[in-house]
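Protein chains: 2
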Amino acid sequence: MPERDRHARADPAAVPPRLRSLASRLLGRGALHADRISNARLTAAGATRWQYAVLVTLRDAGPASQAALSDRTGIHRSDMVAVLAALTAAGQVQRLPDPDDRRRNIVTLTEAGATRLDLLDRLVDEAQDELLAPLSPTERLDLVRLLQRLDHHHATR
Amino acid sequence: MPERDRHARADPAAVPPRLRSLASRLLGRGALHADRISNARLTAAGATRWQYAVLVTLRDAGPASQAALSDRTGIHRSDMVAVLAALTAAGQVQRLPDPDDRRRNIVTLTEAGATRLDLLDRLVDEAQDELLAPLSPTERLDLVRLLQRLDHHHATR
DNA sequence: GACTTATCGTTCGCCTCACTAACGTTAGGG
DNA sequence: CCCTAACGTTAGTGAGGCGAACGATAAGTC
Chain A
6 MPERDRHARA DPAAVPPRLR SLASRLLGRG ALHADRISNA RLTAAGATRW
56 QYAVLVTLRD AGPASQAALS DRTGIHRSDM VAVLAALTAA GQVQRLPDPD
106 DRRRNIVTLT EAGATRLDLL DRLVDEAQDE LLAPLSPTER LDLVRLLQRL
156 DHHHATR
Chain B
6 MPERDRHARA DPAAVPPRLR SLASRLLGRG ALHADRISNA RLTAAGATRW
56 QYAVLVTLRD AGPASQAALS DRTGIHRSDM VAVLAALTAA GQVQRLPDPD
106 DRRRNIVTLT EAGATRLDLL DRLVDEAQDE LLAPLSPTER LDLVRLLQRL
156 DHHHATR
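The listed protein sequences derive, respectively, from chains A and B.
Heads up: the first sequence begins at 6 in our numbering, then just goes up one per residue.
Heads up: the second sequence begins at 6 in our numbering, then just goes up one per residue.
(1) Quick check on S26/A - is its C-beta less than 8 Å from some C-beta in chain B?
(2) Is the region 49 to 57 of chain A close to the region 82 to 92 of chain A, with three or more CB pairs under 8 Å?
(3) Our contact map puts R109/A next to S70/A with C-beta atoms below 8 Å; I'd like the distance itself, whole angstroms only.
(4) Relative to the alpha-carbon of Q153/B, which residue among A160/A, Q153/A, E144/A, H159/A has its alpha-carbon at the smallest distance?
(5) If you draw a straight line from the alpha carbon of A135/A to that of L125/A, how long is it in whole angstroms?
(6) Using a Cβ cut-off of 8 Å (strictly closer), state whether R9/B contacts chain A.
(7) What did DSSP end up calling Q71/B once you bin it into helix, strand or coil?
(8) My assumption, with CB atoms under 8 Å, is that A95/B sits in contact with R82/B. Please give the rounded CB distance.
(9) At least one CB of chain A closer than 8 Å to the CB of E144/B: is that the case?
(10) For a test of the three-state rule: what should DSSP assign to R162/B, helix, strand or coil?
(11) Along chain A, in chain order, which residues have C-beta atoms closer than 8 Å to that of L151/B?
(12) Could you say which of A49/A, D147/A, I80/A, R34/A lies nearest to L24/B if we only look at CA atoms?
(13) Which residues, in chain order, does the region 84 to 97 of chain A contribute to contact with chain B at a C-beta distance below 7 Å?
(14) Buried or exposed: V98/B, going by 16 or more other Cβ atoms within 10 Å of its Cβ?
(15) Could you give the uninterrupted runs of the beta strand (DSSP E) lying entirely in the region 94 to 147 of chain B, keeping only those of 3 residues or more?
(16) Measure from the C-beta of A36/A to each C-beta in chain B and report whether the shortest distance is under 8 Å.
(17) Do you know offhand how far R162/A's Cα is from L146/A's?
(18) Cβ closer than 9 Å: which chain A residues qualify as neighbours of P17/B?
(19) With H, G and I counted as helix, E and B as strand and the rest as coil, what does DSSP make of G79/B?
(20) Who are the Cβ neighbours of V129/A in its own chain at under 8 Å, not counting the five residues just before and after it?
(21) Kindly say whether G79/A, judged by its beta-carbon, lies nearer than 8 Å to any beta-carbon of chain B.
(22) Considering only the alpha carbon of each residue, which of P142/B, P22/B, R14/B, L101/B lies closest to V149/A?
(23) List the endpoints of the continuous alpha helix (DSSP H) containing D16/B.
Here's what the structure looks like:
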């Protein structure tokens with residue numbers, strides 16, 4: 006039975022060279038693979054990428070307002086609401102009004118959040134490893150550094 | 006007036022190092038930049054990435070059924086319909102029933118489509134150039150080859 | 001020749017992601 | 001005191017990448 010995999014995945018050998026060599030296309034496909042791999046692990050643990058990004062940011066940069074979290078994660082203000090709602094509901098984050106500026110909420114990582122983050126860190130590391138499996142350690146570094154320069158350039162245009 | 010750019014773009018300097026070094030995150034952001042740059046040029050010309058991919062595929066691999074085009078471009082069968090509808094309406098493509106297999110349509114590039122494709126090729130080249138602007142020619146090649154290996158690995162898992 | 005199974009094009013609907021618009025609340029500078 | 005701007009929040013948009021199902025057609029099997 007020669008039926009395989011009834012998704013729409015492109016047959017790699019059949020893609021015209023012109024398309025295969027477009028950086029924009031390769032980035033899109035790479036992002037797809039990356040999302041699939043990361044989400045598989047995170048959703049299995051009941052988390053999302055956005056939640057992970059927020060937890061990391063709180064640990065590494067300390068408590069912050071929602072606006073600051075938006076700036077630091079790239080998550081849109083309007084999407085941050087639901088992310089923080091889920092995290093507070095799970096007790097991984099505390100959200101209190103700022104007494105010095107009552108427009109703001111101060112978001113803080115809880116003990117449970119820090120513990121949770123340790124687990125998610127491992128899952129994310131595994132995901133990076135699966136994603137970059139075909140590359141040597143040196144090549145992985147090369148790729149990351151090239152992508153960082155790309156991002157930095159376009160993020161500060 | 007100090008208000009700048011009311012989007013949600015991350016402040017590059019404020020992103021925690023852990024996030025900044027994640028390949029999955031960098032790929033996602035790279036894809037975002039790439040899409041913005043490509044789409045800006047293509048939509049200005051009244052085209053889409055999917056239309057471009059189909060036109061390229063018809064030129065480089067010859068006339069094909071819609072299913073074959075799906076395999077070669079990675080565009081889902083269910084999305085191909087609208088793409089071909091737009092291309093036929095614009096006279097850039099001809100869609101005729103296959104006399105040898107009446108389930109199939111044979112899609113062919115028209116003269117107008119080929120001409121159009123020449124223009125889009127230039128726009129896409131410009132987009133790649135803008136996207137890869139911060140990288141040297143060698144680095145661009147490195148990046149593309151690393152991404153190709155990544156894609157090939159995950160596309161044939 | 002009848003039955004079964006698979007493929008093709010097509011429609012419909014889902015979900016995620018990034019984003020815009022608007023609004024009430026609060027701060028702060030003239 | 002006003003005006004402007006920032007904050008958090010809600011709602012809605014649009015594209016992209018799917019899955020499910022369906023009628024029509026083809027191919028393989030008995």
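Virtual Cβ for every residue (Gly too), placed ideally from N, Cα, C.
In short:
(1) On the first sequence, position 21 is the one that residue 26/A refers to. Cβ-Cβ to chain B under 8 Å: yes for S26/A.
(2) As far as the Cβ criterion goes, the region 49 to 57 of chain A touches the region 82 to 92 of chain A, which means the pair count is three or higher.
(3) Start at 1 with the first residue of the first sequence, and residue 109/A comes out as number 104. Start at 1 with the first residue of the first sequence, and residue 70/A comes out as number 65. Beta-carbon to beta-carbon, R109/A and S70/A are separated by about 4 Å, close enough to satisfy the 8 Å threshold.
(4) Taking the second sequence and counting its residues from 1, the one referred to as residue 153/B is at position 148. It is E144/A whose Cα lies nearest to the Cα of Q153/B.
(5) Counting from 1 along the first sequence, the entry for residue 135/A is found at position 130. Counting from 1 along the first sequence, the entry for residue 125/A is found at position 120. A quick correction: the sequence has Glu, not Ala, at residue 135/A. E135/A and L125/A have their C-alpha atoms some 15 Å from each other.
(6) Residue mapping note: residue 9/B aligns to position 4 of the second sequence, counting from 1. In this prediction, R9/B has a pLDDT of 36, which is less than 50 and means its spatial position is unreliable; what the coordinates show is noted afterwards. No, R9/B does not count as interfacial toward chain A.
(7) By 1-based counting over the second sequence, the position of residue 71/B is 66. Here Q71/B sits in helix by DSSP.
(8) For the purposes of this step, residue 95/B is taken as the residue at position 90 of the second sequence. For the purposes of this step, residue 82/B is taken as the residue at position 77 of the second sequence. Between R82/B and A95/B the Cβ distance is about 21 Å, and since that is not below 8 Å, they are no contact.
(9) In the second sequence, residue 144/B corresponds to position 139, counting from 1. It does: the Cβ of E144/B has a partner Cβ on chain A nearer than 8 Å.
(10) Counted from its first residue, the second sequence places residue 162/B at position 157. In the structure shown, R162/B adopts coil according to DSSP, grouped into three states.
(11) Start at 1 with the first residue of the second sequence, and residue 151/B comes out as number 146. Residues of chain A whose Cβ lies closer than 8 Å to the Cβ of L151/B are, in chain order, L140, E144, D147, L148, L151.
(12) Here residue 24/B refers to the residue found at position 19 when the second sequence is read from its first residue. L24/B has its Cα closest to that of I80/A, out of A49/A, D147/A, I80/A, R34/A.
(13) Hits within the stretch: zero.
(14) Mapped onto the second sequence, residue 98/B falls at position 93. V98/B should be labelled buried.
(15) For secondary structure counted as the beta strand (DSSP E) over 3 or more consecutive residues, the region 94 to 147 of chain B holds these complete runs in sequence order: 98 to 102, 110 to 114.
(16) Here the question's residue 36/A lines up with position 31 in the first sequence. With 8 Å as the cut-off, A36/A counts as an interface residue toward chain B.
(17) In the first sequence, the residue the question calls residue 162/A occupies position 157. In the first sequence, the residue the question calls residue 146/A occupies position 141. A straight-line Cα-Cα distance of about 24 Å links R162/A and L146/A.
(18) Counted from its first residue, the second sequence places residue 17/B at position 12. The answer, in chain order, is D156, H157, A160, T161.
(19) On the second sequence, position 74 is the one that residue 79/B refers to. Of the three classes helix, strand and coil, the one that applies to G79/B here is coil, per DSSP.
(20) Working through the first sequence from its first residue, we reach residue 129/A at position 124. Sequence-distant Cβ neighbours of V129/A in its own chain, meaning closer than 8 Å and more than five residues away, are S43, R46, L47, Y57.
(21) Sequence index remark: in the first sequence, residue 79/A carries index 74 (1-based). Residue contact with chain B for G79/A: present (Cβ-Cβ distance below 8 Å to some residue of chain B).
(22) In the first sequence, counting from the first residue as 1, residue 149/A sits at position 144. For V149/A, the nearest C-alpha among the options comes from P22/B.
(23) Here residue 16/B corresponds to residue number 11 of the second sequence, with the count starting at 1. D16/B: not part of any alpha helix (DSSP H); DSSP gives it neither H nor E.
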